[in-house]
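Only one structure is covered here, and it is reproduced in the block below.
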Amino acid sequence: MSNNDSAPFRLKQPRGLMKSYQELRILPQPTKRVRDTYLDINGQLVGKDIWLRRRTEEIATPQNDGKVASLEVAGEEWEAKVRLGGDYTDSQFEEVKGKEAVIDVLGKLAPGVSLDELAPFADLLTERQAWSVANYPIGDMSIVLDSVTEVSSETSAFRHAVGEVELMAEVVGGGNEAKHMGRKKAQAEVLKARLDEFVEGNEELFPVKYGGGGKVEGKLSAYLGWKAKVQGGEEKTG
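All letters in the sequence shown, in the order written, are residues 891 to 1128 by the numbering used here.
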């Protein structure tokens, strides 16, 4: 799948819930450079499965020959991801965007923690290729391939590559917090069932899961594991 190829990449028809759909098409999206600065205070947010970050995006502007002419800054945004279920390779998250929305999440799930007292614990730069999935029956599906380095050094020793299939849907608020959380978890289960079926219907796209090709790690967990090893090595040599 080339990011410069305008022809859709066709998938075979998934089974079960997807049987009424004749085909899915994967369409290339603009390449992005994404900087994610993750923040916390004494592990209080991570301990509650809240992952808070400040994200800056630059979007590639292609030329007629397919080469990238420039990167346009798309702005900076606060984001929070709250785990609803799953593990590091098969996760369900609530994703909240915007400073005020993030502050609201902190007030509900981590009272007493404010943005002003947070400090960065990871600063990552990602070169992202992305594709959207057209005609999917529920939510918004996207596929991304990320190449990740550490921001602090142009010659960072940390390098990681990972792919992700993401299925998102909006959950409308209303009622008390317990009922709203119940709706969010129920929606997450529906999305998980659809995503599982997509994966099972296209096993050749997921060699690690079905071919025993190794362990999948997200960029942040991979970075934190690498950082712990580096710091452990420094302590031994020091």
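Using N, Cα and C, we set each Cβ at its ideal position, and we do this for glycine too.
In this text the structure is predicted, and so the values were computed from the model without any measurement.
Residue environment, residue i, which counts as buried when at least 16 other CB atoms sit within 10 Å
{"i": "Glu966", "result": "exposed"}
{"i": "Met1058", "result": "exposed"}
{"i": "Ala970", "result": "buried"}
{"i": "Gln1121", "result": "exposed"}
{"i": "Arg1049", "result": "exposed"}
{"i": "Thr951", "result": "exposed"}
{"i": "Lys1109", "result": "buried"}
{"i": "Asp994", "result": "exposed"}
{"i": "Asp1006", "result": "exposed"}
Spatial distance of residue i from residue j (CA atoms)
{"i": "Glu962", "j": "Pro920", "result": "11 Å"}
{"i": "Glu1079", "j": "Gly1029", "result": "13 Å"}
{"i": "Ala964", "j": "Lys987", "result": "14 Å"}
{"i": "Tyr1113", "j": "Leu1015", "result": "11 Å"}
{"i": "Leu917", "j": "Val1023", "result": "6 Å"}
{"i": "Glu1054", "j": "Gly997", "result": "30 Å"}
{"i": "Ser948", "j": "Lys989", "result": "In the sequence under discussion, the amino acid at residue 948 is Glu, which differs from the Ser named in the question. The straight-line gap from Cα to Cα measures roughly 19 Å."}
{"i": "Glu1040", "j": "Ala1047", "result": "8 Å"}
{"i": "Arg925", "j": "Asp1013", "result": "7 Å"}
{"i": "Gly975", "j": "Ser1042", "result": "32 Å"}
{"i": "Ser1037", "j": "Trp1021", "result": "15 Å"}
{"i": "Leu1085", "j": "Asn1092", "result": "11 Å"}
{"i": "Ile1033", "j": "Arg1073", "result": "25 Å"}
{"i": "Glu1090", "j": "Ala1083", "result": "11 Å"}
{"i": "Ser1111", "j": "Lys1105", "result": "12 Å"}
{"i": "Glu1094", "j": "Glu1056", "result": "17 Å"}
{"i": "Ala991", "j": "Met1031", "result": "23 Å"}
{"i": "Ala1118", "j": "Leu1008", "result": "21 Å"}
Option in the options with minimal Cα separation from residue i
{"i": "Ile931", "options": "Val1061, Ala1076, Arg943 and Arg925", "result": "Arg943"}
{"i": "Thr946", "options": "Arg923, Gly1091 and Asp939", "result": "Arg923"}
{"i": "Val972", "options": "Met1071, Asn1025 and Asp1036", "result": "Met1071"}
{"i": "Ser981", "options": "Leu1081, Pro1001 and Ser1042", "result": "Leu1081"}
{"i": "Tyr928", "options": "Lys1119, Trp941 and Ile1033", "result": "Trp941"}
{"i": "Pro1010", "options": "Val1089, Glu1090 and Gln934", "result": "Gln934"}
{"i": "Glu1107", "options": "Glu1017, Val1003, Ala1000 and Ala1051", "result": "Ala1051"}
{"i": "Pro984", "options": "Ser1111, Glu1017 and Ala1076", "result": "Residue identity check: residue 984 is Glu in the sequence provided, not Pro. Answer by Cα proximity: Ala1076."}
{"i": "Leu1035", "options": "Ala991, Glu1087, Glu1060 and Glu1017", "result": "Glu1017"}
{"i": "Asp1003", "options": "Glu1090, Trp1116 and Lys938", "result": "The residue you asked about is not Asp; residue 1003 is Val in the sequence shown. Of Glu1090, Trp1116 and Lys938, the residue nearest in Cα terms is Lys938."}
{"i": "Pro1027", "options": "Phe1088, Leu1095 and Ala1000", "result": "Phe1088"}
{"i": "Arg915", "options": "Asn1025, Glu1060 and Gly1115", "result": "Asn1025"}
Helix, strand or coil at residue i [DSSP, three-state]
{"i": "Gly1091", "result": "helix"}
{"i": "Val1120", "result": "helix"}
{"i": "Leu1114", "result": "helix"}
{"i": "Glu1067", "result": "helix"}
{"i": "Glu948", "result": "strand"}
{"i": "Asp1013", "result": "strand"}
{"i": "Leu1008", "result": "coil"}
{"i": "Asp1086", "result": "helix"}
{"i": "Gln934", "result": "coil"}
{"i": "Val1080", "result": "helix"}
{"i": "Lys971", "result": "strand"}
Delimiting residues of the alpha helix (DSSP H) encompassing residue i
{"i": "Ala991", "result": "Lys989 to Leu999"}
Unbroken beta strand (DSSP E) run spanning residue i, endpoints
{"i": "Lys890", "result": "Summary: the structure shown does not reach residue 890, with the chain confined to residues 891 through 1128, and so no result is reported for it."}
{"i": "Ile1028", "result": "Careful: Ile1028 lies outside any beta strand (DSSP E) and carries neither H nor E."}
{"i": "Val1052", "result": "Arg1049 to Met1058"}
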